[in-house]
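To start, the structure itself, in structure tokens.
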Amino acid sequence: MFGYYLDLAWRSLKRTPILTGLMVLAIGLGIGASMTMLTVLHVMTDDPMPGRSAQLYVPHLNPLPLKGNFFANGYDPSDHLTWPDAMALLKAHRARRQAALAAGYLLVRPAAADLRTFYVSGRYTTVDFFAMFGVPFEHGSSWNEAEDSANAHVVVLADSLARKLFGDTDAIGKMVRLGENDFRVVGITTDWHPSPLFYADERAKRYADRDLFFLPLSTAVDLNLNTDGSVDSWGKMPNGDMRSATTAWLQFWVQLDGPTQAAAYKRFLIDYSAEQKSLGRFQRPATDATLYSLMGWLAHENLVPGDVRLQMWLALGFLLVCMVNVLALLLAKFLRRSGEISVRRALGARRRDIFVQFGIESAVIGVAGGVLGVLISELGLWSVRHRPDDYAHIARMDASMLLTTLALAVFASTMAGLLPAWRACRVVPALQLKTL
Amino acid sequence: MQLRPILSTLRHHKLTAMLLTLQVALTCAIVCNVAFMIANRIADVLMPTGIAESGLSTIQSIGTDTKQNAQALHETDLAALRAIPGVESAVAVSSALPLNRNDSFGPACPSRQVFDQAMRTSSLFKGGDCPLSSFYDGTPGLLRTLGLQLVEGRDFLPGEYTAKNNPSVAIISRELADKLYPGQDALGKVMILGGNALQVVGVVATLARPELHGMGDGYLSVITPQLPDSTSEVYVLRGAPGDRERILKAAEAALFKVDPTRVIDQDQVQTYSQIRDAYFQRDTTMVGLLVASALCLLFVTALGITGLANFWVQQRTRSIGIRRAIGATRGDIRRYFQAENLLIVTMGIVLGAVLAVLLNLLLMMRYELPRLPLWYLPLGGLVLWVLGQLSVLSPALRAARVPPVVATRSV
Numbered sequence: 007m008f009g010y011y012l013d014l015a016w017r018s019l020k021r022t023p024i025l026t027g028l029m030v031l032a033i034g035l036g037i038g039a040s041m042t043m044l045t046v047l048h049v050m051t052d053d054p055m056p057g058r059s060a061q062l063y064v065p066h067l068n069p070l071p072l073k074g075n076f077f078a079n080g081y082d083p084s085d086h087l088t089w090p091d092a093m094a095l096l097k098a099h100r101a102r103r104q105a106a107l108a109a110g111y112l113l114v115r116p117a118a119a120d121l122r123t124f125y126v127s128g129r130y131t132t133v134d135f136f137a138m139f140g141v142p143f144e145h146g147s148s149w150n151e152a153e154d155s156a157n158a159h160v161v162v163l164a165d166s167l168a169r170k171l172f173g174d175t176d177a178i179g180k181m182v183r184l185g186e187n188d189f190r191v192v193g194i195t196t197d198w199h200p201s202p203l204f205y206a207d208e209r210a211k212r213y214a215d216r217d218l219f220f221l222p223l224s225t226a227v228d229l230n231l232n233t234d235g236s237v238d239s240w241g242k243m244p245n246g247d248m249r250s251a252t253t254a255w256l257q258f259w260v261q262l263d264g265p266t267q268a269a270a271y272k273r274f275l276i277d278y279s280a281e282q283k284s285l286g287r288f289q290r291p292a293t294d295a296t297l298y299s300l301m302g303w304l305a306h307e308n309l310v311p312g313d314v315r316l317q318m319w320l321a322l323g324f325l326l327v328c329m330v331n332v333l334a335l336l337l338a339k340f341l342r343r344s345g346e347i348s349v350r351r352a353l354g355a356r357r358r359d360i361f362v363q364f365g366i367e368s369a370v371i372g373v374a375g376g377v378l379g380v381l382i383s384e385l386g387l388w389s390v391r392h393r394p395d396d397y398a399h400i401a402r403m404d405a406s407m408l409l410t411t412l413a414l415a416v417f418a419s420t421m422a423g424l425l426p427a428w429r430a431c432r433v434v435p436a437l438q439l440k441t442l
Numbered sequence: 513m514q515l516r517p518i519l520s521t522l523r524h525h526k527l528t529a530m531l532l533t534l535q536v537a538l539t540c541a542i543v544c545n546v547a548f549m550i551a552n553r554i555a556d557v558l559m560p561t562g563i564a565e566s567g568l569s570t571i572q573s574i575g576t577d578t579k580q581n582a583q584a585l586h587e588t589d590l591a592a593l594r595a596i597p598g599v600e601s602a603v604a605v606s607s608a609l610p611l612n613r614n615d616s617f618g619p620a621c622p623s624r625q626v627f628d629q630a631m632r633t634s635s636l637f638k639g640g641d642c643p644l645s646s647f648y649d650g651t652p653g654l655l656r657t658l659g660l661q662l663v664e665g666r667d668f669l670p671g672e673y674t675a676k677n678n679p680s681v682a683i684i685s686r687e688l689a690d691k692l693y694p695g696q697d698a699l700g701k702v703m704i705l706g707g708n709a710l711q712v713v714g715v716v717a718t719l720a721r722p723e724l725h726g727m728g729d730g731y732l733s734v735i736t737p738q739l740p741d742s743t744s745e746v747y748v749l750r751g752a753p754g755d756r757e758r759i760l761k762a763a764e765a766a767l768f769k770v771d772p773t774r775v776i777d778q779d780q781v782q783t784y785s786q787i788r789d790a791y792f793q794r795d796t797t798m799v800g801l802l803v804a805s806a807l808c809l810l811f812v813t814a815l816g817i818t819g820l821a822n823f824w825v826q827q828r829t830r831s832i833g834i835r836r837a838i839g840a841t842r843g844d845i846r847r848y849f850q851a852e853n854l855l856i857v858t859m860g861i862v863l864g865a866v867l868a869v870l871l872n873l874l875l876m877m878r879y880e881l882p883r884l885p886l887w888y889l890p891l892g893g894l895v896l897w898v899l900g901q902l903s904v905l906s907p908a909l910r911a912a913r914v915p916p917v918v919a920t921r922s923v
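Residue numbers (the numbering used here), protein chains in the order written: chain X, 7 to 442; chain P, 513 to 923.
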């Protein structure tokens, strides 16, 4: 029967080409606009570490005093850890892997005479960072644990920076001058940059920034290297002492295997907070300590700009109008065929058959509209990519979004066809047949 | 025109007519709100900064030699920049310029008493009597280079510029003067900025902040005769508007000639228009999207109206023929369809006005949008009336062309 209904639908649509065209265009425009915005939202909220994200967590402590206005800059300073807290969590070693990190911004003084000095962004971190996030190495490896705690002057470079500085020669073991110090290159990573750069703080452009060097956090603090992230202090002004117990500036990530370990780790955080509170360092309840999963953390950080959400709602509103439009047109079209319906009913077709027949006709419109919608949203995404917004370059449709587009189009037009099809199958055959 | 026959026809097509009404209503509601958002964003994008923007270019230089003397470097650099043909004037600022997002700001108190009071109640950083204001600094000639309009008082005297000490005088924006000293003359008053006393010696007409903080606070600015005291600074150049690209290239070369070890980030070599565009870039993206979606929405609604009207004309061909046969003129038939459309669209607009206000309330809650001025509603209504009449015109004319003889044919 399906083939027959398809044939019927095709004949019926061919009979009114303009009306059919209008309906396909309406669905296409509505779907195109919605899918453009949904795709932008999809790539912005996508999992930056597929396969690993379920094991990655962010511990959250709250060392802020009870009184004071800490939100003047639009974020919560306790999203970052102080040096003593981060070191305590590192030493406790309660997770499978743990790393403290902070954004760095350093002057590179190239040895090559034809290169000018330039600034480069990177990360100060501890050794587990590489294994925890699965940073792929092209040559060499990360620094070791001994170097991690010994303030060693070692650095891991991203491939593009290594090439810029040393050309195609092997950079391992070479020295590079960053700021006022020389560092020995121990590893070269491929140009690895998760999108969004989930471990960076709110100062970063998380859809555009990438790290081009990594060096030990202890070294950075020892040499008092520039940090490029948020630094918030309270209480006595610590005057730039990054080891201060009242300066929050470090990000911290842990790798935990499964929910049992996560629950245990959260317990540990609460115990740690309680201990700090009894020592008089923390003022807030120990139960304020919590643990975010990676995706939970990204939701907490609220990376998607309000404008993008607004655009998505606008596009969905537009789709709704398009659906109402198609609904009205389908209703008019189906009811006009009361005669045909009555004949089919008189020849033995059940109401259900009529309903299915018209449902299939709406779905055919949906498929055509979906194909048009894919083209329109490709066009829309192409224009988004040509905008200078920092997230613009990642706006691409993947296979799953392509299927979603088609499915949404068929769904929207079938939904729009539901009421007309129902009305059509309620046509009373006898009345209509008399007028024929 | 009689409404009765139209109403009785519509009663037969209740559901379809209702759907069309709903579509017009939704379109009306969305378009009104979108138009309002577009107007808001455009007002933002076009906001004046108070400086003469068209001839300005800026170039940021970061010194890497920590032993350099900042003042001497600035003087050498500025001399080199001023020697470039086409450069009318050049100054150095430490980082802040209107809309460049390098904002340093703090509470500006109108007097020592107010400052002490705010300190006692620890309400200094909460706005109130001491509004948070942005600080601008720079080398002599800043006002002239930026093209600021001094409306009261005087520019700084050469002896007032200082590098290491706190300056003792300030020029403030009209908006800040009105906020600090409402109804009084600001000239000669002593305001307290970060604990330091500054005598107001001049008032400029308007001066936008590097970052606009919410509504109405975008123009609270203070200029002090503080000389930039680091080897990282921004040079501001004035030259003919069409000449800015060449001037920037020449400036970069001149700066490297003075000190080849400095860092000049290509992203920070820009004309003022680029700074402004970058600041409002999200808004311009949004305006483009909003305009496109509003047009698409109106287009789809017009398609819907045309499609449905065409359909009704086809369906009623026979009754049109009968009406023509018993004496209705072509004009009567055309007007019938036009009136029917007017009726449906009007119902849609009435419903749409209610929906528009509701949608605005929702947006006000979720996206901090201002309240929709009510005059947008009749305007939206007018647009939809015109749209409805335009889209029904061709089907109505087609209906008017139906010959009376159709009545005599069976089906």
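We treat Cβ as the ideally placed atom computed from N, Cα and C, and that holds for glycine.
In this text, all values refer to a predicted model and were calculated from it rather than measured experimentally.
Where P222(X) and R212(X) are concerned, what is the direct C-alpha to C-alpha distance, given to the nearest angstrom?
-> Translated into positions along the first sequence, residue 222(X) becomes position 216. Translated into positions along the first sequence, residue 212(X) becomes position 206. Cα-Cα distance, rounded: 22 Å.
In or out: L381(X) buried (at least 16 other Cβ within 10 Å) or exposed?
-> Locating residue 381(X) in the first sequence gives position 375, counting from the first residue. Looking at its Cβ environment, which holds fewer than 16 other Cβ atoms inside 10 Å, L381(X) is exposed.
Give the C-beta separation of T45(X) and L387(X) to the nearest angstrom, bearing in mind that I take them to be a contact with Cβ-Cβ under 8 Å.
-> Numbered from its first residue, the first sequence carries residue 45(X) at position 39. Numbered from its first residue, the first sequence carries residue 387(X) at position 381. That pair is a contact at about 6 Å.
Can you name the residues that DSSP bridges to S646(P)?
-> As a position in the second sequence, residue 646(P) is number 134, starting the count at 1. The partner list for S646(P) (beta bridge, DSSP) reads F617(P), S733(P).
Does DSSP classify V556(P) as helix, strand or coil?
-> Start at 1 with the first residue of the second sequence, and residue 556(P) comes out as number 44. At residue 556(P) the sequence reads Asp, which differs from the Val that was named. D556(P): helix per DSSP, three-state reduction.
So, is the C-beta of M877(P) closer than 8 Å to a C-beta in chain X?
-> Along the second sequence, one-based indexing puts residue 877(P) at 365. By this cut-off, M877(P) is not an interface position.
Go ahead and pull the three-state DSSP assignment for P83(X).
-> The residue labelled residue 83(X) in the question sits at position 77 within the first sequence. Helix.
Within 8 Å (strictly less), CB to CB, does F324(X) reach chain P?
-> Start at 1 with the first residue of the first sequence, and residue 324(X) comes out as number 318. Chain P, which has a Cβ nearer than 8 Å to the Cβ of F324(X), makes this yes.
Name the chain X residues whose beta carbon is nearer than 8 Å to that of I542(P)?
-> Working through the second sequence from its first residue, we reach residue 542(P) at position 30. Simply L320, G323, F324, V327.
Would DSSP call Q696(P) helix, strand or coil?
-> Taking the second sequence and counting its residues from 1, one reaches residue 696(P) at position 184. In the structure shown, Q696(P) adopts coil according to DSSP, grouped into three states.
With distances taken from CA atoms, which of T131(X), S127(X), G264(X) is nearest A108(X)?
-> For the purposes of this step, residue 108(X) is taken as the residue at position 102 of the first sequence. Proximity to A108(X) across T131(X), S127(X), G264(X) peaks at T131(X), based on C-alpha coordinates.
Can you have a look at T578(P) and say buried or exposed, based on whether 16 or more other CB atoms are within 10 angstroms of its CB?
-> The residue given as residue 578(P) occupies position 66 in the second sequence. Residue environment analysis places T578(P) among the exposed positions, since fewer than 16 neighbouring C-beta atoms fall within 10 angstroms of its C-beta.
Neighbourhood of A592(P) by C-beta distance below 6 Å, restricted to the same chain and skipping five residues each side = Taking the second sequence and counting its residues from 1, one reaches residue 592(P) at position 80. A766, V770, listed in sequence order.
Check whether the Cβ of D313(X) lies closer than 8 Å to any Cβ atom in chain P.
-> As a first step, residue 313(X) is located in the first sequence; it is residue number 307 there, counting from the start. Yes - at least one Cβ of chain P is within 8 Å of the one on D313(X).
Are the beta-carbon atoms of D53(X) and M301(X) separated by less than 8 Å?
-> Within the first sequence, the letter at position 47 stands for residue 53(X). Within the first sequence, the letter at position 295 stands for residue 301(X). It is a contact, given that the beta carbons lie within the stated cut-off.
Pull up the distance between the alpha-carbon of V362(X) and that of A334(X), whole angstroms please.
-> Position 356 of the first sequence, counted from the first residue, corresponds to residue 362(X). Position 328 of the first sequence, counted from the first residue, corresponds to residue 334(X). Whole-angstrom Cα-Cα distance: 19 Å.
What's the call for R432(X), buried or exposed, on a 16-neighbour Cβ count within 10 Å?
-> Residue 432(X) sits at position 426 when you count from the first residue of the first sequence. When all chains shown are included, R432(X) counts as exposed.
For the alpha helix (DSSP H) that contains I856(P), what are its first and last residues?
-> Residue 856(P) sits at position 344 when you count from the first residue of the second sequence. Run containing I856(P): 842 to 879, per the alpha helix (DSSP H) assignment.
For the segment 254 to 288 of chain X, enumerate the residues whose C-beta is nearer than 8 Å to any C-beta of chain P, in chain order.
-> Cβ contacts with chain P: none found.
Does the Cβ-Cβ distance between V332(X) and A427(X) come in under 8 Å?
-> As a working note, residue 332(X) is residue 326 in the first sequence. As a working note, residue 427(X) is residue 421 in the first sequence. It is not a contact, given that the beta carbons lie outside the stated cut-off.
is_contact[V918(P), chain X] using C-beta, thresh 8 Å | The residue labelled residue 918(P) in the question sits at position 406 within the second sequence. Contacts with chain X at 8 Å (Cβ-Cβ) do not include V918(P).
Per DSSP, which one or two residues make a beta bridge with P885(P)?
-> Mapped onto the second sequence, residue 885(P) falls at position 373. According to DSSP, P885(P) bridges with nothing at all.
Go ahead and label V923(P) buried or exposed: buried means 16 or more other beta carbons lie within 10 angstroms of its beta carbon, across all protein chains shown.
-> For the purposes of this step, residue 923(P) is taken as the residue at position 411 of the second sequence. With a pLDDT of 49 at V923(P), under the threshold of 50, the modelled position of this residue cannot be trusted, and the question is left open.
Ranges of the beta strand (DSSP E) found wholly within the segment 79 to 130 of chain X, counting only runs of at least 3 = Counting whole runs of 3 or more residues, the segment 79 to 130 of chain X contains the beta strand (DSSP E) stretches 103 to 115.
Take T411(X) and list the residues in its own chain whose beta-carbon comes closer than 8 Å to its own, dropping the five residues that flank it on each side.
-> Along the first sequence, one-based indexing puts residue 411(X) at 405. Hits under 8 Å: I37, M41, G376, G379, V380, S383, M403.
Name, please, each residue of chain P whose Cβ falls closer than 7 Å to the Cβ of Q317(X).
-> By one-based count along the first sequence, residue 317(X) stands at place 311. Residues of chain P passing the Cβ test: L801.
Where R343(X) and L62(X) are concerned, what is the direct C-alpha to C-alpha distance, given to the nearest angstrom?
-> Here residue 343(X) refers to the residue found at position 337 when the first sequence is read from its first residue. Here residue 62(X) refers to the residue found at position 56 when the first sequence is read from its first residue. Straight-line Cα distance between these residues: approximately 60 Å.
Leaving out five residues on either side along the sequence, give the residues of the same chain with a beta carbon under 7 Å from the beta carbon of D215(X).
-> Position 209 of the first sequence, counted from the first residue, corresponds to residue 215(X). Around D215(X): S127, L203, A206.
Min CB distance A374(X) to chain P below 8 Å = What you label residue 374(X) is simply residue 368 of the first sequence in a count that begins at 1. Using a Cβ-Cβ cut-off of 8 Å, A374(X) does not count as an interface residue toward chain P, since no Cβ of chain P sits closer than that to its own.
Would you kindly work out how many angstroms separate the C-alpha atoms of Y791(P) and L611(P), rounded to a whole number?
-> Position 279 of the second sequence, counted from the first residue, corresponds to residue 791(P). Position 99 of the second sequence, counted from the first residue, corresponds to residue 611(P). When rounded, the separation of the alpha-carbon atoms in Y791(P) and L611(P) is 6 Å.
Go through its chain and collect everything with a Cβ distance to Y397(X)'s Cβ below 6 Å, but skip five positions before and after it.
-> In the first sequence, counting from the first residue as 1, residue 397(X) sits at position 391. Excluding five sequence positions before and after Y397(X), the CB atoms of its chain that fall closer than 6 Å to its own CB belong to M50, Y213, given in chain order.
Contiguous beta strand (DSSP E) assignments of at least 3 residues, all confined to the segment 239 to 320 of chain X = The segment 239 to 320 of chain X contains these whole beta strand (DSSP E) runs: 253 to 261, 296 to 299.
Would you check whether the ligand NAP has a heavy atom nearer than 7 Å to the C-beta of N708(P)?
-> Ligands are entirely absent from the displayed structure, and the ligand NAP is therefore not among its contents.
Does DSSP put V923(P) in a helix, in a strand, or in coil?
-> Here residue 923(P) is taken as the residue at index 411 of the second sequence, counted from 1. At V923(P), the pLDDT of 49 sits below 50, so the modelled position is not reliable; the number obtained from the coordinates is stated separately. DSSP places V923(P) in coil when its eight states are reduced to three.
Would you mind working out which of S147(X), S84(X), L424(X) sits nearest P71(X), comparing C-alpha positions?
-> On the first sequence, residue 71(X) is found 65 positions in, with the first residue counted as 1. Minimum Cα distance to P71(X) is reached at S84(X).
Pairwise C-alpha distance: Y784(P) and Y879(P) | Start at 1 with the first residue of the second sequence, and residue 879(P) comes out as number 367. Start at 1 with the first residue of the second sequence, and residue 784(P) comes out as number 272. Rounded to whole angstroms, Y879(P) to Y784(P) spans 30 Å at the Cα level.
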